[in-house]
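Residue numbers (the working numbering): 81 to 514.
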């Protein structure tokens, strides 16, 4: 049985979906004011693997990942570039989708945009006000944190300690310093009309409303980066408790940070490596392999040496499978049957809270075994594992001409026609067949 670490309970738990074999999953996506960096891509890859593995286990998965296209950072960046917020957001949304496809992470069933749910957000906030969980001030609408008995359940924070993180030099019209904004009244940037003033919704409200609209109740998995645990995910839970009396998701999963080896990587610090630039230099599958070689909850310290290590590992996988793919075509062989013992080990590791590093070790062993001798079941099992992880080995199509050249090469060698043999061999080597 699949077991996962639930951030809500801080325990490894058996995975039992709300609705039997149908899994609903929501993952916080990007705020589209810039291109994503190599750390932003980690949740995209990991939760794609979660969907792939759940599908492998015969679950039906509905996967949503949002686009935050209204935000202070978007407004500020658009103003500097002298373009509209929509133009900026659309451009970076398209860039995100393009990169997600290249790294094999575009398996979303829904990509809700915050700006498409403004009316629903206004209705949601209004209901919280009617129920006494929210209140209006001159600056906007705020959520009464004190009204939620288990506030802090996800991040292990206590309300009495929250004051420590509040800037006391900023004047506020909130009832409590730690109350958070559901709506910000403003005349700057993109804005909408609401009963309590012109402005825009708070970030924490956007995700909980889109969840509610898409799934209509408690979902199975809510995921995102570890840095979203507090305050974003905590505040989503608070609003869900107030509005629907549940913690929004049954299981909460958080992916560890990926930073530069010597320092924290951040767009605001200007020291981030854009993912689109990295995958121009290295194969996107090498990046994916690097991420999966680390447990999803563990941090990664990125360096050029690290990505180069997994580029070499990916090239080795591709070379081995490409060589045996040609061998099978040459000898009219099929590799349809898998080895249940190999797949059993794969499932045992994945069922243990997605222990992908141990799966990568298994892949390495299978590649070594295949380099010693061909075995159709090992080949088929390895291909199944790679497909489930979303890693696509570089395998060349075999054409009749390639098989003809191989036979000509063998004949030339027997006849000691080394000049022609070298030409044929070069063709086969260029395609990685020998």
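We put the CB at the ideal spot given by N, CA and C, even for glycine.
Cβ pair residue i, residue j closer than 7 Å
i           : j           : result
residue 188 : residue 145 : yes
residue 158 : residue 222 : no
residue 475 : residue 402 : yes
residue 340 : residue 382 : yes
residue 306 : residue 279 : no
residue 190 : residue 294 : yes
residue 176 : residue 110 : yes
residue 121 : residue 355 : yes
residue 37  : residue 380 : For the chain, the structure presents residues 81 to 514; residue 37 sits outside this window and is missing.
residue 136 : residue 101 : no
residue 253 : residue 219 : yes
Anticipated Cβ contact below 8 Å, residue i with residue j, distance rounded
i           : j           : result
residue 119 : residue 410 : Rounded, the Cβ-Cβ distance is 44 Å, inconsistent with contact.
residue 469 : residue 129 : 6 Å
residue 447 : residue 400 : 5 Å
residue 319 : residue 284 : 7 Å
residue 194 : residue 93  : Not quite, the Cβ-Cβ distance comes to about 31 Å (not below 8 Å), so this is no contact.
residue 134 : residue 125 : About 15 Å separates the two Cβ atoms, so there is no contact after all.
residue 169 : residue 112 : 5 Å
residue 435 : residue 427 : Not quite, the Cβ-Cβ distance comes to about 11 Å (not below 8 Å), so this is no contact.
residue 258 : residue 225 : 5 Å
residue 352 : residue 117 : 4 Å
Closest residue to residue i among the options (Cα-Cα distance)
i           : options               : result
residue 276 : 265, 269 and 341      : 265
residue 291 : 327, 153, 359 and 387 : 327
residue 174 : 227, 115 and 407      : 115
residue 228 : 427, 322 and 209      : 322
residue 478 : 437, 467, 462 and 408 : 408
residue 88  : 309, 214 and 203      : 309
residue 38  : 434, 356, 370 and 241 : Residue coverage of the chain in this structure runs from 81 to 514, which leaves residue 38 outside it and unanswerable.
residue 414 : 404, 510 and 509      : 404
residue 471 : 497, 393 and 451      : 393
residue 419 : 451, 463, 160 and 374 : 463
residue 216 : 483, 132, 255 and 389 : 255
Same chain only: Cβ atoms within 7 Å of residue i, ignoring 5 sequence neighbours per side
i           : result
residue 432 : 83
residue 182 : 359 and 364
residue 507 : 485
residue 249 : Residue confidence for residue 249 is low, a pLDDT of 45 falling below 50, so the modelled location carries little weight; the figure read from the coordinates is stated next. The answer is none, since no qualifying residue turns up.
residue 512 : 399, 402, 403 and 476
Contacting residues, own chain, Cβ-Cβ under 8 Å from residue i (five flanking each side not counted)
i           : result
residue 417 : 456, 457 and 460
residue 299 : 98, 104, 105, 106, 291, 328, 329 and 330
residue 316 : 284, 287, 288, 291, 302 and 328
residue 442 : 422, 425, 426, 429 and 465
residue 437 : 372, 373, 374 and 375
Closer than 7 Å to chain C by CB, residue i
i           : result
residue 135 : Absent here is chain C; the protein component of the structure consists of one chain.
Counterpart residues of residue i in DSSP-defined beta bridges
i           : result
residue 263 : 221 and 281
residue 99  : 102
residue 299 : 329
residue 148 : 111
residue 91  : 86
residue 140 : 102
residue 354 : 117
residue 305 : 335
residue 432 : 83
residue 180 : Its beta-bridge partners do not exist; DSSP assigns none.
residue 321 : DSSP lists no partner for residue 321.
residue 215 : 222
residue 193 : 147
residue 272 : 279
Nonlocal neighbours in the same chain, by C-beta distance under 6 Å from residue i, ignoring five residues either side
i           : result
residue 488 : 504
residue 95  : 82 and 84
residue 201 : 281, 285 and 289
residue 270 : 150 and 165
residue 493 : 501
residue 362 : 387 and 391
residue 377 : 336
residue 232 : 238
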